[in-house]
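Student: Supplied in structure tokens, the structure appears directly below.
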Amino acid sequence: MASNTYHYSEEEIRFIKFFSMIRKAAIKPLYFLLSIETEGRGEKESLFDFFKRKDRKISKIVKGQEKENLSNTTDVSSLDITFLYKCLQYGTEKLADRDKSTLWKAGNSNIESIITKLKDLINEVLHEFKKYTENEFLDETDKLKKLLENILNQIGTNYSIDVHQKVQDMKMELNNYRDKAVEDKELAKYRYNRQCEIMKTKGKDDIKKIIRKIKEGTVNPVNHVVDMSIDVKDVFLEMKINSSCNLEKDILCEDILQDIKGEGNNPSIVIIGCAGAGITTIVRKILYEFESGVFTVKGLESYDIVLHHECRNMSTDSLKCLLEERMPSIVKEFKDDEIRQTALHLKTMVILDGIDELNNSSAKLFDEVINLKKTRELSIIITTRPEKLPYLESYLKSEDCEKITLLGIPHERRAAFVKKFYIKLAKKEDLKNKPIDQLFNYLEKYEFILDSILRLPYNLVLIIILYCHTDLTLDEITTAPVLYRENYLLYRTKLAERLRVYESTKSREESNTEWVIDIFLCELAKVSLIGLLNDQINISSEAYQRLKTVCNECSIPVEQMASAFLTPKYTGSSGILYSFPHKGIQEYFAARYIWMQLTGRYESSAYHNLCPQISFSLMSLSVSPALSVKIMQAVRKELKRQHPTSNSSKEGNNTVKDILKEVQKESSLQSQAQNLNESIPKHDITKLQNMFMCLLGIIQSEGIAVPNMVKLEILQLLQETGVRERSHWLDILSSVKCDSFVAEFISKQKEILEGEYCEIDDFTLRPYVSLLKTLNVLPRESQSVPISLRMREASTNIKILVEEIYRLKICVSNILMTDSNIADYMSSQHNIKEILSPSHEVKLSLHKEHANLREVLCMVNNLELNITKFQVMDLYKNFITTNPTYYHKLIKIVNRCKVRGYVGPFLEGMHLQDEYKYLCVSVSSCRDYNSLKQQLQKQKYRYPT
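So for the sequence shown, full-length UniProt numbering puts the first residue at 1; every next one is plus one.
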């Protein structure tokens, strides 16, 4: 590479010479000193192992990436100046301990002080760019010679070593750098090193400033209700994940870069999670720690730069563009593609956040990063919703990345999460009348019943906000649509309160204010769907203009209306950019638009435009409130007669696809659609999965009749989006209050009640009860499927389930009864025997005394006992000995099954008839075995081997 490529002046070239002296020669005396201090180290022994063997302090203070680096280092000359300096401070015997001495302070004549002076000089030259005149260059070179000579001479004195030759070699090397012309390759190498240093310092600072400015290290999911930005470190807790190998486990966010393939070395991670599962919180925790420099995420401290890109952003289409956006102050230091090449030479992490919101621009960036990963050492974190996973898998091979699914917050940690958020909220508001105990009681009561709702962090936040800002009782929150609907109503209420005190709107009648809000929300719902189809969570300029037009016609500032439901972002010269606080909220609004169209609740444009003008005119003319109401009622009736909505003309005339196609005509997707009469492209249907679930929930919760054909269409659309697995259908049953039509459709899906057997546990109990209660008959395909009941917790739903199983004549193959729920099973009007199959198995896992135990023993044949020593004694003393009939019945049961526990006392004093002399019992511990063996030998029974 020719030197004139970069047009360096003579002054700049002199500094480059001095830079070479510092980078190559000045550090050598320090390497020499550390080599002396580590003398006796084995040829392959790492520095960390040596320091640990010698009990040097540095082996106790290095953690994380520093410890890993030291463990992998056998050559002292591979250490950079910062780590080398630390090793000299804490890993030597003859130099002073940094924590116990001030000798390391620069400005003195002792060796520790001179080492600090040299370290500061090296860092200054490596991080700065200067121009030297001839005299300045010669002066700096002489100063460096004297400094290095001083260090070498002190090393010789302190360690009794002849350093004369070392001093001569050092001077000769510096003279060589001083006098020799700089070669082209040296200029190129200097430029490369300098650019790397600029990016790791100034560029990194730029990234941190942007993170601070746009608050990427905070979460504020409810800004429209309360202005409260929360550092993720204050609310983040352990999340439950499912790894690629389908091993469900709890993992701390701190381990996310370590607990995966690659052990933290340039990993590729795909984080999958539904709306509200906590993906945003995890990403922002990583960004917060990178910005603050306080690391708990293991391995994060080793990254030079972390680049975060929200895939909804339409202005970034390449890695170079992303780098220039994130590091604006250093762009002028790079030419052509140098900024991208430099980033690829550093340890770089790219976070592609929200692949499910990919647009044409971010898709180009995504393709570039994925292709770069094949040939370069680049770490990638990709976040997505489940429905976009098939698209990702077409790009990524399973062996190339680790896929983890966020399952939410484990039930045992939800109270701690709620407490942290509640405390933060209490600092902003007076919550004396809203004690946290009620939230804890709600979590405990519904921890299994509403697990699909409570496991999601965003839902927990919404529940806390509802509890603190409304009179709603927590027991009313039983489905996700109810949760979203109540928050939707809360936003309306807050907006109405704001308009009642706002100067230009406080004189309006309350009915007029509510009506204006309705008009705005109709338009916002339509804007939501348009944005969803265009992969935009941000409100586009066209959409904002639509909202502004509605507000102007109602004489209300758009900012007042928009900020009640949307999050403002300040973008400098561009002004304010609004976006939905969460994609789940956007999907809910979009679903409401379709629901309004299906039920005739979305008014025509004429109705939108004329009604506000007439209402405002009546108010300006000081018409009495009573007369204004009558006039407006007549106006609305006439406008609806003249401009009927397309769907109100004939019930069920519109379909969901018709509504979507109509919206497409008004959106930018029109140019992409080849034929609007054809079905919506599959990739567009896939991204609407959560919206369809919201739509189904709204239909079921609003209490307004919708034709079954519409429900059927929505269910079929859900299938098209990828709803196939049992867990998907159960999530729908958990989230939506289903009627008989929806339940019948779901029950016919082979994933629900087909296979060798169907297991119902604590987490799936509620959706199955919801399903079975609405069925009149069991689908033919499911009539022979045995059901396994494996609930451990108490629930009134168990009684309902037993009764529904009896009503539908469902076959039950095995049951687990525990201390918590044995009473729930026995409280059913149908006893257990009536629902059991001939080859059933009942397992009792009890640790307390139960009155129902005798009844169970009398009902069932194949029984597995898992009971304690005291229960066995209680059975013997209070049950068997008092009732000979039950005594022989129990022995027959024991003869056919396993008894785990302390069974020795059970056999004490037994005088069994010959037919029971070959009783075989298995036990679970040596102590049980020995006790049982003695009793059986005593009574001449065959004992287990």
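The C-beta atom is built at its ideal place from N, Cα and C for all residues, glycine as well. Note that the coordinates shown come from a computational prediction; the quantities given were computed from them, not determined experimentally.
Only counting runs of 4 or more residues, tell me where the alpha helix (DSSP H) segments fall wholly within the UniProt domain "NACHT" (269-421), in order along the chain.
Tutor: Taken in chain order, the complete alpha helix (DSSP H) segments of 4 or more residues contained in the UniProt domain "NACHT" (269-421) are 279-292, 319-326, 338-345, 360-373, 389-393.
Student: Is M791 helix, strand or coil by DSSP?
Tutor: As a working mapping, residue 791 is identified with position 791 in the sequence shown. Coil at M791, not helix or strand.
Student: Using a Cβ-Cβ cutoff of less than 6 Å, which residues in the same chain neighbour K261 once the five nearest sequence positions on both sides are dropped?
Tutor: The sequence position of residue 261 within the sequence shown is 261, counting from 1. Confidence at K261 is low in this model, with a pLDDT of 44, below 50, so the placement of that residue should be treated as unreliable; the coordinate-derived value is given next. Result list for K261: E402, in chain order.
Student: Name the DSSP bridge partner or partners of N538?
Tutor: Here residue 538 refers to the residue found at position 538 when the sequence shown is read from its first residue. BP columns for N538 point to S579.
Student: Can you give the beta carbon distance from M817 to V856, rounded, assuming they're within the 8 Å contact cut?
Tutor: Within the sequence shown, the letter at position 817 stands for residue 817. Within the sequence shown, the letter at position 856 stands for residue 856. Right, their Cβ atoms sit about 7 Å apart.
Student: Where S646 and T655 are concerned, what is the direct C-alpha to C-alpha distance, given to the nearest angstrom?
Tutor: Taking the first residue of the sequence shown as position 1, residue 646 is located at position 646. Taking the first residue of the sequence shown as position 1, residue 655 is located at position 655. Note on S646: pLDDT 42, under 50, position unreliable in the model; the coordinate value appears next. Each residue's alpha carbon lies about 11 Å from the other.
Student: Considering only the alpha carbon of each residue, which of T73, S362, T513 lies closest to E43?
Tutor: Taking the sequence shown and counting its residues from 1, the one referred to as residue 43 is at position 43. Checking every option, the nearest Cα to that of E43 belongs to T73.
Student: Please tell me whether I382 and V306 are closer than 7 Å, where the distance is taken between their beta carbons.
Tutor: Along the sequence shown, read from residue 1 onward, the residue named residue 382 stands at position 382. Along the sequence shown, read from residue 1 onward, the residue named residue 306 stands at position 306. The answer is no: Cβ separation not under 7 Å.
Student: May I ask which residues mark the beginning and end of the alpha helix (DSSP H) holding M693?
Tutor: To locate residue 693, count along the sequence shown from 1; it is residue 693. Where M693 is concerned, the enclosing alpha helix (DSSP H) stretches over 689-702.
Student: Measuring straight from C-alpha to C-alpha, what distance separates M172 and S302?
Tutor: Counting from one through the sequence shown, the residue named residue 172 turns up at place 172. Counting from one through the sequence shown, the residue named residue 302 turns up at place 302. Rounded to whole angstroms, M172 to S302 spans 37 Å at the Cα level.
Student: If I measure Cβ to Cβ from R212 and keep anything under 8 Å in the same chain, skipping five residues before and after, which residues do I get?
Tutor: As a working mapping, residue 212 is identified with position 212 in the sequence shown. Answer for R212: E291, listed in chain order.
Student: Hey, how far is the Cα of I409 from the Cα of L33?
Tutor: Within the sequence shown, numbered from 1, the residue matching residue 409 stands at position 409. Within the sequence shown, numbered from 1, the residue matching residue 33 stands at position 33. Cα-Cα distance, rounded: 52 Å.
Student: Please name the residue or residues paired with N814 in a DSSP beta bridge.
Tutor: Stepping through the sequence shown from its first residue, residue 814 is reached at position 814. Under the DSSP definition of a beta bridge, N814 partners with S788, E841.
Student: Which residue spans inside the segment 700-741 form an unbroken alpha helix (DSSP H) run of at least 4?
Tutor: 708-720, 726-735
Student: Measuring CB to CB, does I714 end up less than 7 Å from F692?
Tutor: The sequence position of residue 714 within the sequence shown is 714, counting from 1. The sequence position of residue 692 within the sequence shown is 692, counting from 1. Yes, they are a contact pair.
Student: On the DSSP letters alone, give me the boundaries of the beta strand (DSSP E) that D762 sits inside.
Tutor: If you number the sequence shown from 1, residue 762 lands on position 762. Counting along the chain, D762 falls outside any beta strand (DSSP E), and DSSP gives it neither H nor E.
Student: Out of C694, D430, K665, which has the shortest C-alpha to C-alpha gap to W595?
Tutor: As a working mapping, residue 595 is identified with position 595 in the sequence shown. The option with the nearest alpha carbon to W595 is C694.
Student: Between which two residues does the alpha helix (DSSP H) harbouring N91 extend?
Tutor: Here the question's residue 91 lines up with position 91 in the sequence shown. Looking at the sequence shown, residue 91 is not Asn but Gly. No alpha helix (DSSP H) contains G91, which DSSP labels as neither H nor E.
Student: Terminal residues of the continuous alpha helix (DSSP H) containing H7?
Tutor: As a first step, residue 7 is located in the sequence shown; it is residue number 7 there, counting from the start. Taken as a continuous stretch (DSSP letters only), H7 belongs to no alpha helix (DSSP H), as it is neither H nor E.
Student: Beta carbon of L174, beta carbon of A25: below 7 Å?
Tutor: Here residue 174 corresponds to residue number 174 of the sequence shown, with the count starting at 1. Here residue 25 corresponds to residue number 25 of the sequence shown, with the count starting at 1. Taking C-beta atoms as the reference points, L174 and A25 count as a pair closer than 7 Å.
Student: Going by DSSP, what residues sit across from K569 in a beta bridge?
Tutor: By 1-based counting over the sequence shown, the position of residue 569 is 569. Answer by DSSP bridge pairing, in chain order: L577.
Student: What would DSSP say about L472, mapped onto helix, strand or coil?
Tutor: Working through the sequence shown from its first residue, we reach residue 472 at position 472. In the structure shown, L472 adopts coil according to DSSP, grouped into three states.
Student: Report buried or exposed for Q154, applying the criterion of at least 16 other Cβ atoms within 10 angstroms of its Cβ.
Tutor: Stepping through the sequence shown from its first residue, residue 154 is reached at position 154. Buried, since its Cβ has 16 or more Cβ neighbours within 10 Å.
Student: Nearest chain D C-beta to K445 closer than 7 Å, yes or no?
Tutor: The structure shown contains no chain D; it holds only a single protein chain.
Student: Taking only runs of the alpha helix (DSSP H) that begin and end inside the segment 104-136, which ones reach a length of at least 4 residues, in chain order?
Tutor: Correct list: 111-127.
Student: In terms of residue numbering, what span does the alpha helix (DSSP H) encompassing T493 cover?
Tutor: Working through the sequence shown from its first residue, we reach residue 493 at position 493. From DSSP, the alpha helix (DSSP H) with T493 extends over 480-501.
Student: Can you have a look at S770 and say buried or exposed, based on whether 16 or more other CB atoms are within 10 angstroms of its CB?
Tutor: Locating residue 770 in the sequence shown gives position 770, counting from the first residue. Buried.
Student: Out of V76, D475, V802, which has the shortest C-alpha to C-alpha gap to E39?
Tutor: For this step, residue 39 is matched to residue 39 along the sequence shown. It is V76.
Student: What residue range does the alpha helix (DSSP H) around I805 cover?
Tutor: Reading the sequence shown from its first residue, position 805 is the one you call residue 805. Per DSSP, I805 belongs to the alpha helix (DSSP H) from 796-807.
Student: If you follow the alpha helix (DSSP H) that residue 950 is part of, which residue opens it and which one closes it?
Tutor: In the structure displayed, the chain extends from 1 to 945; residue 950 sits before or after that span and is not available.
Student: Can you name the residues that DSSP bridges to L836?
Tutor: Counting from one through the sequence shown, the residue named residue 836 turns up at place 836. Bridge partners of L836: V812.
Student: Identify, in the order they occur along the chain, each residue of the same chain with its Cβ nearer than 7 Å to the Cβ of N158, setting aside the five sequence neighbours on each side.
Tutor: The residue you call residue 158 lines up with position 158 of the sequence shown. K94, I111.
Student: Are the segment 315-334 and the segment 412-422 touching by the rule of at least three beta carbon pairs closer than 8 Å?
Tutor: no
Student: Just how far apart, CA to CA, sit E11 and V125?
Tutor: Stepping through the sequence shown from its first residue, residue 11 is reached at position 11. Stepping through the sequence shown from its first residue, residue 125 is reached at position 125. Cα to Cα, E11 sits roughly 15 Å from V125.
Student: Does the contact criterion of 3 or more C-beta pairs under 8 Å hold for the segment 12-19 versus the segment 117-137?
Tutor: yes
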